[in-house]
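Written out below as structure tokens is the structure these notes cover.
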Amino acid sequence: MRAHPAGPLHGGMTPPPSVGLPPADLGALDPQVWPRSARRVDGELHLAGRPVTELARAHGTPLFVLDEADFRGRAADFATAFTDADVHYASKAFLCGQVARWLADDGLHLDACSGNELAVALAAGFPAERIALHGNNKSLVELQLAVDAGIGHVVLDSFDEIDRLVPMAEARVAAGGSPVPVLIRTTVGIEAHTHEFIATAHEDQKFGFSLATGDALTAAVRVIREPALHLSGLHSHIGSQIFDTAGFEAAAHRVVGLMGQVHQATGEVLGELNLGGGFGIAYLPDDDPVTPGDVARRLRTVVAAECAALDLPVPRLAVEPGRAIAGPGTVTLYEIGTIKPVRLGSGGQGAPQVRNYVSVDGGMSDNIRTALYDASYTCVLANRTSEAPPALCRVVGKHCESGDVLVRDLWLPSDVQPGDLLAVAATGAYCWSMASNYNYLLKPPVVAVRDGAATEVVRRQTLADVFALDAVLADVPAPSPAIDQPAPEHPVGARS
Numbered sequence: 001m002r003a004h005p006a007g008p009l010h011g012g013m014t015p016p017p018s019v020g021l022p023p024a025d026l027g028a029l030d031p032q033v034w035p036r037s038a039r040r041v042d043g044e045l046h047l048a049g050r051p052v053t054e055l056a057r058a059h060g061t062p063l064f065v066l067d068e069a070d071f072r073g074r075a076a077d078f079a080t081a082f083t084d085a086d087v088h089y090a091s092k093a094f095l096c097g098q099v100a101r102w103l104a105d106d107g108l109h110l111d112a113c114s115g116n117e118l119a120v121a122l123a124a125g126f127p128a129e130r131i132a133l134h135g136n137n138k139s140l141v142e143l144q145l146a147v148d149a150g151i152g153h154v155v156l157d158s159f160d161e162i163d164r165l166v167p168m169a170e171a172r173v174a175a176g177g178s179p180v181p182v183l184i185r186t187t188v189g190i191e192a193h194t195h196e197f198i199a200t201a202h203e204d205q206k207f208g209f210s211l212a213t214g215d216a217l218t219a220a221v222r223v224i225r226e227p228a229l230h231l232s233g234l235h236s237h238i239g240s241q242i243f244d245t246a247g248f249e250a251a252a253h254r255v256v257g258l259m260g261q262v263h264q265a266t267g268e269v270l271g272e273l274n275l276g277g278g279f280g281i282a283y284l285p286d287d288d289p290v291t292p293g294d295v296a297r298r299l300r301t302v303v304a305a306e307c308a309a310l311d312l313p314v315p316r317l318a319v320e321p322g323r324a325i326a327g328p329g330t331v332t333l334y335e336i337g338t339i340k341p342v343r344l345g346s347g348g349q350g351a352p353q354v355r356n357y358v359s360v361d362g363g364m365s366d367n368i369r370t371a372l373y374d375a376s377y378t379c380v381l382a383n384r385t386s387e388a389p390p391a392l393c394r395v396v397g398k399h400c401e402s403g404d405v406l407v408r409d410l411w412l413p414s415d416v417q418p419g420d421l422l423a424v425a426a427t428g429a430y431c432w433s434m435a436s437n438y439n440y441l442l443k444p445p446v447v448a449v450r451d452g453a454a455t456e457v458v459r460r461q462t463l464a465d466v467f468a469l470d471a472v473l474a475d476v477p478a479p480s481p482a483i484d485q486p487a488p489e490h491p492v493g494a495r496s
């Protein structure tokens with residue numbers, strides 16, 4: 001992390017660099033960061049035609065607000081850019097029954113990273129033949145579910161997994177079924193320019209078969225020799241939140257080279273090449289993500305050139321843009337509860353440096369990414385605009401952790417106060433899906449909004465849900481769900 005989680009006055013850390021000068025408009029909504037429908041109407045943030053104060057009053061806070069048209073529009077952008085390829089939505093970014101149905105209706109494919117993600121997709125009616133199952137430690141139960149459902153691909157990640165899958169595939173073939181289609185996940189040795197914990201193609205990590213050691217070729221040859229398995233192609237994934245296409249191009253070069261080795265060793269021509277995902281999004285105005293069209297053009301060019309050099313036909317491409325579809329279109333709404341000015345020391349000419357700790361009613365239980373990855377977010381005062389001068393703020397949650405930070409440093413109007421709403425942008429990916437019940441906080445609902453109409457696609461978790469899992473408390477009446485809602489005498493968005 002750049003700084004000690006308890007702040008710059010702890011652990012011998014020096015104060016962090018300045019966040020820069022305040023923007024001219026503290027309530028501005030950068031179109032690259034905020035959902036496509038985000039607007040200010042009479043000073044209040046509207047999403048997909050709905051005022052955020054109405055959403056907060058109806059559904060409580062914290063609240064994930066998903067702009068349906070934004071989500072589906074970004075999915076369509078990738079489908080259009082990759083007209084001759086398969087776009088696999090990475091369900092780990094965010095998955096629920098409604099999202100699975102949108103993706104199915106819009107013709108996309110879907111990646112599941114566990115048997116339970118696969119079960120959610122199947123239960124929602126997603127076509128099994130358009131699903132791929134990932135994971136570095138797939139269980140017998142998960143593999144059997146995939147085989148029985150007839151999913152499109154099992155992405156093989158280890159020799160142990162091949163050993164587990166073969167008997168199931170043989171049983172399917174013996175019963176008159178077809179061989180199980182698989183991909184070999186290849187670790188190509190490309191270091192993505194991203195956080196260490198989400199860079200997944202360097203050698204010293206848990207995913208895939210190493211290209212450098214020859215394991216990837218060995219695995220491919222073994223699968224080809226198993227009559228109950230069908231090697232459809234190869235898979236590669238170099239990381240997440242990547243802005244530079246050079247890594248994808250280098251990975252494509254190496255994976256196509258492996259296709260050539262497979263052809264030379266076995267005579268097999270592999271027909272599919274999945275180059276993974278990891279396309280970055282704008283969390284801050286300075287971020288500059290690549291467009292789907294740019295990615296598609298560059299990948300087609302490099303794959304075509306490499307295949308021509310090896311005298312191989314161009315395989316069908318696939319990509320996995322999870323974050324790039326889900327991330328930008330969702331905003332998290334919070335209510336401010338406590339504001340605490342903390343003096344950091346003296347600034348120029350002896351003036352005190354003060355940071356306002358703005359505490360909200362959620363935190364690391366609904367967005368762990370700042371604490372886990374040192375991720376950066378931006379937020380705005382959502383229920384109104386303000387002409388008050390800017391104040392240096394840190395938006396924090398209500399958990400018993402000094403590292404419970406949502407937005408590390410930003411400028412907010414100096415008159416923000418309890419009862420105001422804050423909206424944090426670009427929280428659609430890896431926030432709800434990584435949510436927890438730390439300190440027994442409850443997981444927020446997800447509300448999809450389109451043309452002014454709001455539909456709850458994931459309801460708010462209640463204490464009754466939590467009690468039901470507790471052997472002692474399962475039969476104890478839980479407090480009313482109203483405890484999770486704003487108190488009537490202090491309505492959401494009101495100024496005290």
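Positions 1 to 496 (UniProt numbering) are the ones given, in order, by the sequence shown. Every residue gets a Cβ at the ideal spot worked out from N, C-alpha and C, and that includes glycine.
Contacting residues, own chain, Cβ-Cβ under 6 angstroms from residue i (five flanking each side not counted)
i           : result
residue 172 : 147
residue 441 : 365
residue 310 : 260
residue 217 : 261
residue 68  : 448, 450
residue 436 : 365
residue 165 : 143
DSSP-derived helix/strand/coil call for residue i
i           : result
residue 209 : strand
residue 89  : strand
residue 301 : helix
residue 455 : strand
residue 484 : Below a pLDDT of 50, predicted positions are generally treated as unreliable, and residue 484, at 45, falls in that range; the measurement from the model is reported next regardless. In this structure, residue 484 counts as helix in the three-state DSSP scheme.
residue 353 : strand
residue 162 : helix
residue 416 : coil
residue 448 : strand
residue 101 : helix
residue 80  : helix
residue 338 : strand
residue 137 : coil
residue 544 : An answer regarding residue 544 cannot be provided, because it is not within the stretch 1 to 496 covered by the chain.
residue 1   : Per-residue confidence for residue 1 stands at a pLDDT of 39, beneath the threshold of 50, marking its modelled position as unreliable; the derived number appears in the next sentence. Residue 1: coil per DSSP, three-state reduction.
residue 437 : coil
Extent of the continuous beta strand (DSSP E) to which residue i belongs
i           : result
residue 116 : Run containing residue 116: none in the beta strand (DSSP E); it sits in the alpha helix (DSSP H), 115–123.
residue 44  : 44–47
residue 460 : Careful: residue 460 lies outside any beta strand (DSSP E) and carries neither H nor E.
residue 316 : 316–320
Pair within 8 angstroms by beta-carbon distance, residue i and residue j
i           : j           : result
residue 395 : residue 421 : no
residue 85  : residue 317 : yes
residue 324 : residue 74  : yes
residue 65  : residue 78  : no
residue 328 : residue 281 : yes
residue 498 : residue 393 : No answer is possible for residue 498: it lies beyond the span of the chain, which begins at 1 and ends at 496.
residue 407 : residue 424 : yes
residue 152 : residue 181 : yes
residue 363 : residue 399 : yes
residue 133 : residue 120 : no
residue 145 : residue 115 : yes
residue 306 : residue 256 : yes
residue 170 : residue 233 : no
residue 72  : residue 106 : yes
residue 411 : residue 23  : yes
residue 373 : residue 283 : no
residue 277 : residue 320 : yes
residue 253 : residue 290 : no
For residue i: DSSP bridge partner residues
i           : result
residue 395 : 358, 407
residue 184 : 156, 234
residue 94  : Answer is none; residue 94 lacks a bridge partner.
residue 132 : 111, 153
residue 423 : 333, 380
residue 68  : Answer by DSSP bridge pairing: none, since residue 68 is not bridged.
residue 343 : 354
Min CB distance residue i to chain D below 8 angstroms
i           : result
residue 260 : Within the model displayed, chain D is absent; a lone protein chain is all it includes.
Segment limits, alpha helix (DSSP H) that includes residue i
i           : result
residue 224 : 215–224
residue 250 : 246–266
residue 369 : 369–373
residue 556 : With the chain represented from 1 up to 496, any question about residue 556 goes unanswered, as that position is not in the structure.
7 angstroms Cβ shell around residue i - same chain, five flanking residues per side excluded
i           : result
residue 446 : 64, 66, 96, 432, 457, 458
residue 20  : none
residue 39  : 46
residue 208 : 157, 185, 186, 187
residue 401 : 364
Residue i: CB within 7 angstroms of a non-hydrogen atom of the ligand ADP
i          : result
residue 85 : The model depicted lacks the ligand ADP and carries no ligand whatsoever.
Other residues of its chain near residue i: CB distance less than 8 angstroms, five sequence neighbours each side excluded
i          : result
residue 51 : 41, 44, 45
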